[in-house]
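In UniProt numbering, the protein residues as written are 1 to 588.
Heads up, the beta-carbon is just placed ideally off N, CA and C, and yes, glycines get one too.
No experiment lies behind these values; they were computed from the predicted model shown.
Comments concern the structure below.
Okay, here's the thing in structure tokens:
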């Protein structure tokens, strides 16, 4: 080191001070002999005061240069000894567990406990007990008339069950309404309903608990989102610190799993994850398990590449990568299939003026399209595509039934979901959801269609035409209008007086498809705006956090990659959101 350092020092000192190499070696500058100028003066040196001052100044300059060059040389040597390492920098910023602080000007935007946004003005007359609501048909009557499924129809793009399953998994990352401490708004059951009033009493009701509300700045009741709005993998990690900590191993940055790679269970025997709905059905539980495994896989890679990292550093880095992967899969695979390849505007970077909060019209109406895509059977297949020995699952038997996942693992369920073509997005919904949701009728069973309609009224969503008008779309004056899917307008006319009255969720399913979208123009516009806001209003969006080769890898990532990395599945199509039997005729 010393020879190189001296050479560097000599090269840099010569033009600044006009000292030759020989003069430096000979000590021909003040203080070079080891005596201070002050000492020389005291010993009777003939140097004048200006000469002494000049000598001290020059010496000080040279010492400063010497120190600077020494530090530079040490830094260069350190980097040479540790090739491939960068100068230590501050760790990349990650999402806070509750979403606070993403927007520097308004730290609460997108965080846990924010109100749902009123992109469409509320209509209190359509709310529970309102003047209009009391004149509308009951939610169950509409369900029986419009949503009773007679036969199955495959969706127009040949999308697989993994498409709607990803949609549900994503939903549980961005929306969760709380209940209002038992305030009921039960749904009237039509007399003689074969499932919910078999004894023809005319007094039967379906239980319904209203959403929690707070009074907004405008004096209107607003519903609360109990998880973060950001696509931040909160369904894996949690939206509060207590939940996040309870899922961690606190060793090697990993999350807790058992020897089979399954999530831990609570005292009730349900799998524990970042979202309370992880056990809602076997497919959803499988998706949660898959992504916990992906976190641990990424954590293992980070640990091997950075053995000096602490548990916390590994955990946060892995969480940052997994969040980016979820965002990439959503925007590069899921949304193009849902809304079309060119549906979203080009990304121009973070905009602090964009509000990422979830809108009530998105959460309560438009984004609930997937309920009509679900089939009554969950396929469980082996590597050759055959039903496993344990058999397939009936959906009605797989609600909050973790054993349906435990007994054969997630591989057969994910194989089946990638193979089965999902049903069409229309007003019809299978009996497992319309009559057997979470149990049989009379024994805890509910009707998801009725719940969706009632929830829209509970949240005071505007009627169909008022919503369209606020969005800049034309009003629809007749049930004969071609905007309705074949035969649906006639069914709607049996339970609604006019298109003005149609509940927004029902209308979204009833509209004909728009170009390359899987839904009609009303739902397409609502979801387009929401997905752009989630991206543009997120300062930590993955395209802001990653670049170069890392960003390329994320943009080329697929859900198929995630599955094959974390299971024993080998035979899998490149886009698992499109069913493996896509060669069949597509229903248009």
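Next on the checklist: Whole angstroms are fine: how far does the CA of residue 91 sit from the CA of residue 75?
Outcome noted: Residue placement at residue 75 cannot be trusted, given a pLDDT of 46 that sits under 50; the coordinates are not used to answer.
Checklist entry - Would residue 380 be called buried (16 or more neighbouring beta carbons within 10 Å of its own) or exposed? => result buried
Item to check | Coarse secondary structure for residue 183, derived from DSSP in three states | outcome: Residue 183: strand per DSSP, three-state reduction.
Checklist entry - CB-CB under 8 Å to residue 297, same chain, minus the five flanking residues each way: which ones, in chain order? => result Closer than 8 Å at Cβ, skipping near neighbours: 565, 566.
Checklist entry - In terms of alpha-carbon separation, which member of 321, 344, 319 lies closest to residue 331? => result 344
Next on the checklist: Tell me which residue opens and which closes the alpha helix (DSSP H) that residue 404 is part of.
Outcome noted: Residues 403-406.
Item to check | Boundaries (first-last residue) of the beta strand (DSSP E) holding residue 210 | outcome: Unbroken beta strand (DSSP E) run through residue 210: 209-211.
Item to check | Residue burial classification, residue 104 (beta-carbon count within 10 angstroms, cutoff 16) | outcome: exposed
Checklist entry - residue 530 lies in the alpha helix (DSSP H); which residues open and close that run? => result 521-536
Next on the checklist: At the level of alpha carbons, what is the spacing between residue 244 and residue 197?
Outcome noted: 44 Å
Next on the checklist: Please classify residue 25 as buried or exposed, where buried requires at least 16 neighbouring CB atoms within 10 angstroms.
Outcome noted: In this prediction, residue 25 scores a pLDDT of 34, lower than 50, which makes its location untrustworthy; no coordinate-derived value is stated.
Next on the checklist: Between which two residues does the alpha helix (DSSP H) holding residue 386 run?
Outcome noted: Premise fails: residue 386 is in no alpha helix (DSSP H) and is neither H nor E.
Item to check | Residue from 373, 140, 451 whose Cα sits closest to the Cα of residue 168 | outcome: 373
Checklist entry - Going straight from the alpha carbon of residue 393 to that of residue 404, what length do you get? => result 8 Å
Checklist entry - Are residue 361 and residue 142 closer than 9 Å when you measure CB to CB? => result no
Item to check | Other residues of its chain near residue 501: CB distance less than 7 Å, five sequence neighbours each side excluded | outcome: 136, 463
Checklist entry - Candidates 162, 427, 267: which alpha carbon is nearest residue 410's? => result 162
Checklist entry - If you draw a straight line from the alpha carbon of residue 613 to that of residue 513, how long is it in whole angstroms? => result As displayed, the chain neither begins before 1 nor continues past 588, which places residue 613 out of reach and without an answer.
Checklist entry - Given that a residue counts as buried once 16 or more other Cβ atoms are within 10 Å of its Cβ, and exposed if not, what is residue 275? => result By the neighbour-count rule (16 or more Cβ atoms within 10 Å), residue 275 is buried.
Next on the checklist: For the stretch 149-158 against the stretch 167-186, do three or more pairs of beta-carbon atoms, one drawn from each stretch, fall closer than 8 Å, so that the two count as touching?
Outcome noted: Result no; under three Cβ-Cβ pairs closer than 8 Å.
Next on the checklist: Using only CA atoms, which one of 154, 282, 230, 189 lies nearest to residue 589?
Outcome noted: This structure cannot speak to residue 589, because the chain is shown only from 1 to 588.
Item to check | Residue range of the alpha helix (DSSP H) that includes residue 420 | outcome: Run containing residue 420: none; DSSP gives neither H nor E here.
Next on the checklist: Can you give me the C-alpha to C-alpha distance between residue 237 and residue 492, rounded to a whole angstrom?
Outcome noted: Residue 237 and residue 492 have their C-alpha atoms some 42 Å from each other.
Checklist entry - At a cut of 8 Å, does the stretch 255-271 reach the stretch 280-295 through at least three beta carbon pairs? => result By the Cβ rule, the stretch 255-271 counts as touching the stretch 280-295, because three or more pairs are nearer than 8 Å.
Item to check | Counted within 10 angstroms of its Cβ, other Cβ atoms place residue 475 as buried (16 or more) or exposed | outcome: exposed
Checklist entry - How many Å lie between residue 363 and residue 308 at the Cα? => result 43 Å
Checklist entry - If you compare alpha carbons, which of 213, 195, 327, 164 is closest to residue 180? => result When each option's Cα is compared against that of residue 180, the closest is 213.
Item to check | Cβ pair residue 425, residue 559 closer than 9 Å | outcome: no
Item to check | Inter-residue CB distance, residue 94 and residue 316 (contact presumed, cutoff 8 Å) | outcome: Correct: roughly 5 Å between the Cβ atoms.
Checklist entry - I think residue 448 touches residue 433, with their Cβ atoms under 8 Å apart; what is that distance to the nearest whole Å? => result 4 Å
Next on the checklist: Report the CB separation of residue 126 from residue 457 in whole angstroms; it is logged as a contact under 8 Å.
Outcome noted: 6 Å
Checklist entry - Are the Cβ atoms of residue 220 and residue 429 separated by less than 9 Å? => result no
Item to check | Sequence-distant residues of its chain with Cβ nearer than 8 Å to residue 82 (five each side left out) | outcome: Model confidence at residue 82 stands at a pLDDT of 43, short of 50, so the residue's coordinates are unreliable; what they give is reported in the following sentence. If we look at residue 82 and ignore the five residues flanking it on each side, it has no Cβ neighbours.
Checklist entry - My guess is that residue 537 and residue 109 are in contact by the Cβ rule of under 8 Å, so how many angstroms apart are they, rounded? => result 7 Å
Checklist entry - According to the Cβ coordinates, are residue 187 and residue 124 closer than 9 Å? => result Taking 9 Å as the Cβ cut-off, residue 187 and residue 124 do not qualify as a contacting pair.
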